[in-house]
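Counting from 7, one number per residue, gives the positions in the sequence shown under the numbering used here. We put the CB at the ideal spot given by N, CA and C, even for glycine. Okay, so here's the structure we're looking at.
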Amino acid sequence: MKILITGTAGFIGFHLANRLLDDGHDVVGFDAMTPYYDVRLKAARHAILARRPGFRALTGRVEDMDALRHAADLADPDMVVHLAAQAGVRYSIDHPQTYADSNLIGSFNIVELARSLELRHLMLASTSSVYGANTALPFAESDKTDLPLTFYAATKKAMEEMSHAYAHLFSIPTTCFRFFTVYGPWGRPDMALFRFVEAIESGRPIEVYGEGRMRRDFTYVGDLVEAITRLADCPPTIGRPVHSEAVRDTLSPVAPWRIVNIAGGEPVELIDFVTAIEHCLGKRAMRTMLPMQPGDARVTFADHRLLEALTGYVPKTRVEEGVAAFVQWYREHWARATSAPVPA
C-alpha cells in the first residue's frame, strides 16, 4: 500500500513510518521540521527513515495546500495518516495562533485534499484532551466533548467535526483516533518522561504538578503503533457497526466515519510514574511538588472496548517496561549524541 504520513519527523510519526516500512508499504513523509523543540531530534528521526527503502521525505507545512498537493502527487496514496499538529496542552495557552494555523487550517487542508484522492482510509490523530471537563470514567468515545479546557483540545475537536462533514459529503472512509499520554523512545523533550529523566540525570529538581496525584492513561508508543496499523485495516463503512452489547460504536449513521480511543485503560498516578523512572535510573529525584496547572485534567482514563472489538487488541505494555525502554534509548543514543549528562 502507498501511504502519505504527515509529521514523520515527529515522535509518533517516526515510529509509525518505521512500522509501515517494516510491513512492506511505501511511505512518503511530510514534515515542517518546526523548532517547537530541538530540531536535531527531528533530523535524527528522519535520517533513520531516509536510509530505508520505500521512504521518501518532503519538507512543508500542512498550512500550505500547494505543498500538500505536491506530497500527494508524489505519494499517490491509498491511505493518508495525519499526525502533524502543534502539540502540547500548556503551550496552547500562550501561543494560540500556532494552534489555529497548524491544527485548524492544517487539518482543513488535509480533509480538503482527501476529497480529491481515492483513499481506502483517512486516519486523523486526535487527543484525550477533547474529553475536557468530563467527570464520568472511563472516557468513552460516545461521551460529550463540548467542554474543552484548552485551545489545543478545541482545535482537535474541530478537526473531528470537519472530518465528519467531509466524510459525509464526499464518502471518505475516516477514522479519528484519540491518544492518551503517549511515551517511549524518541519521545518529545517537552513531555514529562523526557523532562524528568533529563533533570534527574543532571541532578536538577523535577516539578511534579497536582502534588503527584493526577492520573494518566500512559500508552507506550509501540502499543499505539500496533493499534493504528490494525485500525488501518478497518475503514468505516456506513451500516456496518460493531455488534456487541458491551460496546457503543461511534460509527456515524450518515458517513463512513468513526472515533476510537487508543489506550490500555489503566491510569497511573504521576507520583508512581516518577517512582518507576527513579527505579530505572537508579537515582532518587529531587521533587518540587506543585498544584495543578491551568488546562490540566485530574485524570485521563480510556474505555478501550471499541478498539478491542474492532482489532482484537488492547495496549498492554506496563509503565515500568516502557520507562525502561526510554531510559535505555536516552542513555545510549540521545544523551551521548547531545553531550547531555549520562551516568558514570
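Please state the DSSP three-state secondary structure of residue i.
| i | result |
| --- | --- |
| Pro347 | Residue placement at Pro347 is poorly supported in this model, since its pLDDT is 49, which falls under 50; the coordinates still yield a value, given next. Pro347: coil per DSSP, three-state reduction. |
| Arg264 | strand |
| Thr317 | helix |
| Ile11 | strand |
| Leu153 | coil |
| Ser132 | strand |
| Met351 | This structure leaves residue 351 out entirely; the chain is present only between 7 and 350. |
| His52 | helix |
| Arg236 | helix |
| Met292 | coil |
| Phe176 | helix |
Is residue i near residue j, with beta carbons less than 8 Å apart?
| i | j | result |
| --- | --- | --- |
| Asn24 | Phe145 | no |
| Leu125 | Val86 | yes |
| Asp302 | Gly216 | yes |
| Arg221 | Glu275 | yes |
| Leu27 | Gly66 | no |
| Ile178 | Ala120 | yes |
Would you mind sorting residue i into buried or exposed? The rule is 16 or more other CB atoms within 10 Å of its CB.
| i | result |
| --- | --- |
| Pro349 | The predicted position of Pro349 is uncertain, since its pLDDT is 43 and thus under 50; no value can be drawn from it. |
| Lys322 | exposed |
| Gly190 | buried |
| Thr344 | exposed |
| Asp239 | exposed |
| Asp37 | buried |
| Pro154 | buried |
| Thr49 | In the sequence as displayed, the identity of residue 49 is Ala instead of Thr. Counting Cβ neighbours within 10 Å, Ala49 comes out exposed, since fewer than 16 surround it. |
| His88 | buried |
| His339 | exposed |
| His249 | exposed |
Using only alpha-carbon positions, find the residue among the options that is nearest to residue i.
| i | options | result |
| --- | --- | --- |
| Arg201 | Thr243, Pro242, Ile283 and Gly228 | Ile283 |
| Lys163 | Ala131, His174 and Pro179 | Ala131 |
| Gly318 | Thr294, Ala233 and Phe186 | Ala233 |
| Val329 | Val320, Val34, Pro259 and Leu287 | Leu287 |
| Ser134 | Tyr97, Val117, Arg184 and Met168 | Arg184 |
| Ala159 | Glu167, Phe176 and Val136 | Val136 |
| Ala90 | Thr256, Thr161, Gln299 and Leu199 | Thr161 |
| Ala53 | Thr14, Val95, Met298 and Ile111 | Thr14 |
| Ile18 | Trp192, Met7 and Gln92 | Trp192 |
In this structure, what does DSSP give as the bridge partners for residue i?
| i | result |
| --- | --- |
| Tyr215 | Beta-bridge pairing links Tyr215 to no other residue. |
| Glu275 | Arg221 |
| Met39 | Looking at the DSSP assignment, Met39 forms no beta bridge with any residue, so it has no partner. |
| Asp32 | Lys8 |
| Cys182 | Leu130 and Ile265 |
| Thr65 | Asp37 |
| His88 | Thr12 and Leu130 |
| Tyr336 | According to DSSP, Tyr336 bridges with nothing at all. |
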